[in-house]
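Protein chains in written order, with our numbering: chain A, 56 to 292; chain B, 35 to 330.
Let me begin by presenting the structure, written as structure tokens, before commenting on it.
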């Protein structure tokens, strides 16, 4: 992502033990007003914080389905540092939390005009769309002015977890009800095996209960010596 | 204590009269009506969100932000419909994103042009690209590879089809010829036995014989390469007799020298020659007898 944003100043590795508000200080030192903080947990889950540094709101996302620029199926290419066009889905205007996220995204991703490291032409466009309560990000190269596009990297899906009022902290403004943490997901998957066994046991128990008691005692040897009278036997033949 | 108050308030809600009132009002649904605690998962402070939005909103001219909100609107619109897109249908989903990006481009470029800002990169503008040239080369190679693989498989398929078809045609032609021959012989027999006076069956001889003879040229009548080689080596019996004369030319002849046999050290092939096949798999007589007796 850094190659795409010329107005980015990078701080590659950070604290593990320090608190999150240290990031605020670092940003102030570097004179930045927006921050993207990527953190990886358990070598499996990637979280992204998007924050307006001095005291503005911040949002935490879970990054899913990440494909980097170096994948060979992405055939497009763009100038390093050219300003991107940003394209948003109409769903962003429908709810308050999406609009807030939209504003944060605009301010973070758009390169300022006449930035010294930016290139003057417009040859790529970022799309942010909402599907399944997640934000899908794609980056396309503009091949022709009439709209033919080729995909450049990267592509990812952001699942919003919470939006906070302060930068990297503060009261929660929004919590996503559809979000299931990856730990919970893994927990559920593992539980499914146990579920099969438990439901089988329960089914057996309920069968026992439903079977009911025999109404009276019968002796199976009662009809061993049953003899049919010859008059009745003739009816059958 | 707060807890006690909340409990008492709950019990008052559950009292009979209030339940009856609620039922009359149609608020209750069938089933056990329990008062669930408000789910703590959802916090949607809309007012707070809107307020923060106002505070951070920067009213910059569009040129600074370059954002466009668009609906996917292009020629592919009939293929996608907003409400039905299933997230797991990859093709439709990506198509929707593509169309959205296209709509944005179609809106933004004219706008930039109206502000007289050049959008297209001129041919002589060389600058560093996001992906290195090396990377792009690899991408292109991969595409070409895919293309050739497809072409190869197509060719193989066509060849197979052709062979099948050719075989069919061959069988048909042979059968036709056999039929014609039979008819001809029957007609001749009939004529000989005096049933037919006219010799008109001789007129309708298949004129294709001339064309087919062109096909049966010397090249096509030669046997298989394999057959030819075997003929040369083993045919006519006596060919071998004169091939072992010790003349100068035969001594200098190296065509029957195989370096793989005569120049390499006897390694694996030397050991592999006595086939370790049957003898190792089948145990010897004594072993077999023992096994037999043990079984019983």
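Ideal Cβ placement from N, Cα and C applies to all residues, glycine included.
For residue i, count neighbouring Cβ atoms within 10 angstroms of its own Cβ and tell me buried if that reaches 16, exposed if not.
i: residue 271 of chain A; result: exposed
i: residue 286 of chain B; result: exposed
i: residue 264 of chain A; result: exposed
i: residue 181 of chain A; result: buried
i: residue 280 of chain A; result: exposed
i: residue 169 of chain A; result: exposed
i: residue 152 of chain A; result: buried
i: residue 288 of chain B; result: exposed
i: residue 228 of chain A; result: buried
i: residue 86 of chain B; result: buried
i: residue 235 of chain A; result: exposed
i: residue 231 of chain A; result: buried
i: residue 138 of chain A; result: buried
i: residue 86 of chain A; result: exposed
i: residue 211 of chain B; result: exposed
i: residue 322 of chain B; result: exposed
i: residue 214 of chain B; result: exposed
i: residue 139 of chain B; result: buried
Can you pull the chain B neighbours of residue i, defined as C-beta to C-beta under 7 Å?
i: residue 107 of chain A; result: 90
i: residue 132 of chain A; result: 163, 164, 165 and 170
i: residue 191 of chain A; result: 131
i: residue 243 of chain A; result: None at all; the shortest Cβ gap to chain B is about 16 Å.
i: residue 195 of chain A; result: 135
i: residue 240 of chain A; result: Correct list: empty, because the minimum Cβ distance to chain B is about 16 Å.
So which residues on chain B does residue i lean against when the C-beta distance must stay under 8 Å?
i: residue 187 of chain A; result: 121
i: residue 184 of chain A; result: 130, 131 and 134
i: residue 213 of chain A; result: Correct list: empty, because the minimum Cβ distance to chain B is about 14 Å.
i: residue 258 of chain A; result: The premise fails here: residue 258 of chain A is roughly 23 Å from chain B at the closest Cβ pair, so nothing lies under 8 Å.
Compare the C-alpha of residue i against each of the options and name the closest.
i: residue 122 of chain A; options: A/174, A/200 and A/194; result: A/194
i: residue 79 of chain A; options: A/93, A/228, A/108 and A/161; result: A/108
i: residue 126 of chain B; options: A/156, A/186, A/231 and A/253; result: A/186
i: residue 135 of chain A; options: A/147, A/230, A/110 and A/171; result: A/171
i: residue 238 of chain A; options: A/275, A/278, A/161 and A/100; result: A/100
i: residue 122 of chain B; options: A/120, A/142 and A/125; result: A/120
i: residue 133 of chain A; options: B/156, B/164 and B/78; result: B/164
i: residue 104 of chain A; options: A/163, A/141 and A/98; result: A/163
i: residue 188 of chain A; options: A/208, A/144 and A/196; result: A/144
i: residue 184 of chain A; options: B/298, B/103, B/215 and B/219; result: B/103
i: residue 209 of chain A; options: A/198, A/197 and A/191; result: A/191
Please list, in chain order, the chain A residues whose beta carbon lies closer than 7 Å to that of residue i.
i: residue 82 of chain B; result: 220 and 228
i: residue 154 of chain B; result: 176 and 200
i: residue 142 of chain B; result: 140
Listing by chain order, which chain A residues have their CB less than 8 Å from the CB of residue i?
i: residue 183 of chain B; result: Within chain A, no residue comes near residue 183 of chain B; the closest Cβ sits about 15 Å away, beyond 8 Å.
i: residue 332 of chain B; result: Residue 332 of chain B cannot be examined here, being either before or after the span of chain B that is shown, 35 to 330.
i: residue 127 of chain B; result: 186 and 191
What does residue i reach in chain B if we use C-beta pairs closer than 9 Å?
i: residue 125 of chain A; result: 165 and 169
i: residue 205 of chain A; result: Simply none; closest approach about 10 Å.
i: residue 117 of chain A; result: The premise fails here: residue 117 of chain A is roughly 16 Å from chain B at the closest Cβ pair, so nothing lies under 9 Å.
Strictly by DSSP, which residues pair up with residue i?
i: residue 163 of chain B; result: A/134
i: residue 182 of chain A; result: A/142 and A/193
i: residue 221 of chain A; result: A/224
i: residue 107 of chain A; result: A/89
i: residue 178 of chain B; result: Note: residue 178 of chain B sits in no beta bridge, so no partner.
i: residue 229 of chain A; result: A/218 and B/78
i: residue 113 of chain A; result: A/106 and A/219
i: residue 95 of chain A; result: A/101
i: residue 213 of chain A; result: A/118 and A/190
i: residue 207 of chain A; result: A/194
i: residue 102 of chain B; result: A/142
i: residue 174 of chain A; result: A/137
When the cut-off is 7 Å and only beta carbons count, does residue i lie next to chain C?
i: residue 158 of chain A; result: You won't find chain C in this structure, because its protein chains are A and B.
Name the chain A residues that come within less than 9 Å of residue i, Cβ to Cβ?
i: residue 178 of chain B; result: The contacting residues do not exist; residue 178 of chain B stays about 12 Å from chain A at best.
i: residue 295 of chain B; result: Here the premise fails: no neighbours, minimum Cβ distance about 47 Å.
i: residue 205 of chain B; result: Those within 9 Å of residue 205 of chain B in chain A number zero; the least Cβ separation is about 47 Å.
i: residue 208 of chain B; result: Under the 9 Å cutoff, chain A gives no residues; its nearest Cβ is about 52 Å from residue 208 of chain B.
Segment contact flag, the segment 211 to 225 of chain A with the segment 169 to 184 of chain B, C-beta cutoff 8 Å, min 3 pairs: no
Segment contact flag, the segment 176 to 189 of chain A with the segment 149 to 163 of chain B, C-beta cutoff 8 Å, min 3 pairs: yes
At least 3 beta-carbon pairs within less than 8 Å: the segment 125 to 141 of chain B vs the segment 197 to 204 of chain A: Touching, yes, given that three or more Cβ pairs across the two stretches are closer than 8 Å.
Meets three-Cβ-pair contact criterion under 8 Å: the segment 247 to 260 of chain A and the segment 149 to 164 of chain A: No, the segment 247 to 260 of chain A does not touch the segment 149 to 164 of chain A.
Three-pair Cβ contact test at 8 Å for the segment 95 to 115 of chain A versus the segment 206 to 222 of chain A: yes
Cβ pair count under 8 Å reaching 3, the segment 186 to 200 of chain B against the segment 139 to 151 of chain A: Between the segment 186 to 200 of chain B and the segment 139 to 151 of chain A, the count of Cβ pairs shorter than 8 Å is below three; the stretches do not touch.
contact_flag[the segment 167 to 176 of chain B, the segment 126 to 137 of chain A] where n(CB pairs < 8 Å) is 3 or more: yes
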